[in-house]
Amino acid sequence: MAVGGGKSFYLALIVIAVVGAGLIWSQRGSGGAGATAVAIADLDSIGSTFEGYVIGRSSAPVEVTEFADFQCPACARHAILTMPDVIQRLVRTGRVRWVFKDLPLNIHDKARSAHLAAACAAEQDLFWQMHDQLFYRQSRWTRDRRAERRFREYAETIGADLDRYDECVRSGRYNSRIEASVQEAITLGVSSTPTFVIGNRMIPGVIPYDRFKQIVDSLAPVNPTE
Amino acid sequence: MMHRMAIAVLSLLGLLVSLYLWLWKMGWLGDLACGSGACETVQLSRFGEMLGVPVAFFGVGGYLGLLATSLVGIQPTWQKRRSPTLWLLALSAAGLAFTAYLTILEAFVIRAWCRWCLVSAGLIAVIFALSLAGFARWPPLPPRGEPDG
Numbered sequence: 001m002a003v004g005g006g007k008s009f010y011l012a013l014i015v016i017a018v019v020g021a022g023l024i025w026s027q028r029g030s031g032g033a034g035a036t037a038v039a040i041a042d043l044d045s046i047g048s049t050f051e052g053y054v055i056g057r058s059s060a061p062v063e064v065t066e067f068a069d070f071q072c073p074a075c076a077r078h079a080i081l082t083m084p085d086v087i088q089r090l091v092r093t094g095r096v097r098w099v100f101k102d103l104p105l106n107i108h109d110k111a112r113s114a115h116l117a118a119a120c121a122a123e124q125d126l127f128w129q130m131h132d133q134l135f136y137r138q139s140r141w142t143r144d145r146r147a148e149r150r151f152r153e154y155a156e157t158i159g160a161d162l163d164r165y166d167e168c169v170r171s172g173r174y175n176s177r178i179e180a181s182v183q184e185a186i187t188l189g190v191s192s193t194p195t196f197v198i199g200n201r202m203i204p205g206v207i208p209y210d211r212f213k214q215i216v217d218s219l220a221p222v223n224p225t226e
Numbered sequence: 227m228m229h230r231m232a233i234a235v236l237s238l239l240g241l242l243v244s245l246y247l248w249l250w251k252m253g254w255l256g257d258l259a260c261g262s263g264a265c266e267t268v269q270l271s272r273f274g275e276m277l278g279v280p281v282a283f284f285g286v287g288g289y290l291g292l293l294a295t296s297l298v299g300i301q302p303t304w305q306k307r308r309s310p311t312l313w314l315l316a317l318s319a320a321g322l323a324f325t326a327y328l329t330i331l332e333a334f335v336i337r338a339w340c341r342w343c344l345v346s347a348g349l350i351a352v353i354f355a356l357s358l359a360g361f362a363r364w365p366p367l368p369p370r371g372e373p374d375g
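Residue numbers (the numbering used here), protein chains in the order written: chain V, 1 to 226; chain Z, 227 to 375.
Structure representation (structure tokens):
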């Protein structure tokens, strides 16, 4: 290789590396607090009658709506790694009201059943307990041909009345509500899970706790004198 | 040595693409610049991870290997050696096979096309073609006792 040619080759590599790294770095700033403000319809204007599964005070200054799929690995990662911090530091402190909405994706064969199981647990005020069971044990039931049986075991574990649970699952009475939630997500332009709607910002993908806090701080700053 | 230099450039581009997808998957970036949203669908599907590791991370490792091998291959002491070409061929063949598997999943199982994955698929296909061309142009192996280049 000629010396001059070698120099220009390495120079070209360095330029590509620097430009590429710069482009990636610039994307970093577009997440979280500076997340792309997507022109989305107001959630209230969609006309969905089901509010979602709610945790947190109604007086909380910030509302976060999560569209998630119980069979989605990224949603499980969010539920396991991020959600405990969110609940402890943002929800229980009264800063955030968290709303979970069903978005079972068609590519996940057991997702609809999982969402139905969660809805039936919710009937007995056990949604969040079932939510944790489904996400923490996701890797087990996704490979299980009889996933519904697993869901029933989880219902038993969290102390649900199994007769009521069985009757609920058999009736499938929440299937239409789950479908309505899916349609709501489509109307909003949500195309993947998890997606978080915070104010007029729509943020697809897993985001760490620090990013959530950053967004919440930007929307409802904490008064240092408080 | 032109094919090794070209592979180095293409591997660097592939490395940047897979690094972008991996960092996004890890939650360190904001929105994925994809257009249709299909990238998120693919990345967040159950096929977005393998053995608990994001698929994009395998891309980072693979392209790093190709980049390092091609850079070593253009150093004066390695230019006339055949082994970098063989390594490039093996690595790119493995990368191409893995990419083909992922592309089939996109087409028939996930039914969504991630544009960045397609860019990566195109890059690895060209890298494989260049490796093959480099291998084919190499003269036959020398008799024993002589350098392999």
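Positions of the beta carbon are idealized from the N, C-alpha and C atoms, including for glycine. Predicted model, so just to flag it, every value in this text is computed and none were measured.
Inset, instruction - Check residue 101/V in the structure and name its three-state DSSP category. - result: Residue state, collapsed to three classes: strand.
Inset, instruction - Return no unless some Cβ of chain V is closer than 8 Å to the Cβ of residue 274/Z. - result: Chain V has a Cβ within less than 8 Å of the Cβ of residue 274/Z.
Inset, instruction - Report the option in 326/Z, 330/Z and 337/Z whose CA atom is closest to the CA atom of residue 349/Z. - result: It is 326/Z whose Cα lies nearest to the Cα of residue 349/Z.
Legend entry - Touch test, the stretch 205–222 of chain V against the stretch 230–249 of chain Z, Cβ-Cβ under 8 Å, three pairs minimum: Look at the beta carbons and you see the stretch 205–222 of chain V not touching the stretch 230–249 of chain Z: under three pairs across the two are nearer than 8 Å.
Legend entry - residue 152/V, DSSP secondary structure in three states: In the three-state reduction of the DSSP assignment, residue 152/V falls in the helix class, which pools H, G and I.
Inset, instruction - Identify the continuous alpha helix (DSSP H) that holds residue 323/Z and give its terminal residues. - result: Residue 323/Z -> alpha helix (DSSP H) spans 309–331.
Inset, instruction - Return helix, strand or coil for residue 21/V, following the three-state DSSP convention. - result: Three-state DSSP puts residue 21/V in a helix.
Legend entry - Same chain only: Cβ atoms within 7 Å of residue 358/Z, ignoring 5 sequence neighbours per side: The beta carbon of residue 358/Z lies closer than 7 Å to those of 315 in the same chain, with the five residues before and after it left out.
Inset, instruction - Indicate whether at least one CB of chain V lies closer than 8 Å to the CB of residue 339/Z. - result: Not a single CB atom of chain V sits nearer than 8 Å to the CB of residue 339/Z.
Inset, instruction - Could you tell me which of 125/V, 120/V and 210/V sits nearest to residue 167/V, measuring between CA atoms? - result: Checked all of 125/V, 120/V and 210/V; the closest Cα to residue 167/V is 120/V.
Legend entry - As assigned by DSSP and simplified to three states, the class of residue 201/V: Strand at residue 201/V.
Inset, instruction - Determine the chain Z residues that contact residue 186/V at a beta-carbon separation under 7 Å, and present them in chain order. - result: Within 7 Å Cβ-Cβ: nothing; residue 186/V doesn't reach chain Z, min ~11 Å.
Inset, instruction - Tell me whether residue 227/Z sits in a helix, a strand or coil according to DSSP, three-state version. - result: In this structure, residue 227/Z counts as coil in the three-state DSSP scheme.
Inset, instruction - Below 8 Å on the Cβ atoms is my guess for residue 300/Z versus residue 230/Z; work out the distance and round it to an integer in Å. - result: Residue 300/Z to residue 230/Z, Cβ: 5 Å. Contact.
Legend entry - Given 8 Å, three or more beta-carbon pairs between the stretch 151–158 of chain V and the stretch 69–82 of chain V: Not touching, per the Cβ criterion.
Legend entry - Between the CA atoms of residue 134/V and residue 165/V - distance to the nearest angstrom: In a straight line, the C-alpha of residue 165/V is about 15 Å away from that of residue 134/V.
Legend entry - Secondary structure of residue 334/Z, DSSP reduced to three states: Here residue 334/Z sits in helix by DSSP.
Inset, instruction - Under 8 Å by Cβ, that's how I've got residue 169/V and residue 77/V pegged, so tell me the actual separation to the nearest angstrom. - result: Actually they do not touch by this definition, with Cβ atoms about 27 Å apart.
Legend entry - Rounded separation between residue 293/Z and residue 238/Z - CA only: So the two alpha carbons sit approximately 6 Å from each other.
Inset, instruction - Please classify residue 276/Z: does DSSP put it in a helix, a strand, or coil? - result: Strand.
Inset, instruction - Find out if the Cβ-Cβ distance for the pair residue 235/Z, residue 21/V is shorter than 8 Å. - result: No, the pair does not count as a contact, with Cβ atoms beyond the cut-off.
Legend entry - Length of the line joining the Cα atoms of residue 149/V and residue 203/V: Take the alpha-carbon of residue 149/V and the one of residue 203/V: they are about 34 Å apart.
Inset, instruction - Could you tell me whether any Cβ in chain Z is nearer than 8 Å to the Cβ of residue 11/V? - result: Residue 11/V does not count as touching chain Z.
Inset, instruction - Helix, strand or coil for residue 53/V, going by three-state DSSP, please let me know. - result: Strand.
Inset, instruction - Can you grab the Cα-Cα spacing for the pair residue 260/Z / residue 285/Z, in whole Å? - result: Their backbone Cα atoms lie some 18 Å apart in a straight line.
Legend entry - Spatially closest choice to residue 61/V from 90/V, 107/V, 80/V and 144/V, by CA coordinates: The residue with the shortest Cα to Cα distance from residue 61/V is 90/V.
Legend entry - Interface flag, residue 259/Z vs chain V, CB-CB below 8 Å: With a threshold of 8 Å between beta carbons, residue 259/Z makes contact with chain V.
Legend entry - Nearest-angstrom Cα separation, counted from residue 323/Z out to residue 330/Z: Each residue's CA atom was taken as its position, placing residue 330/Z and residue 323/Z some 11 Å apart.
Inset, instruction - Have a look at the DSSP bridge pairing and note the partners of residue 65/V. - result: Residue pairing from DSSP places residue 65/V in a beta bridge opposite 99/V and 197/V.
Legend entry - Cβ-Cβ separation, residue 66/V to residue 194/V (assumed contact under 8 Å), whole Å: At roughly 6 Å, the Cβ-Cβ gap stays under 8 Å, so residue 194/V and residue 66/V are in contact.
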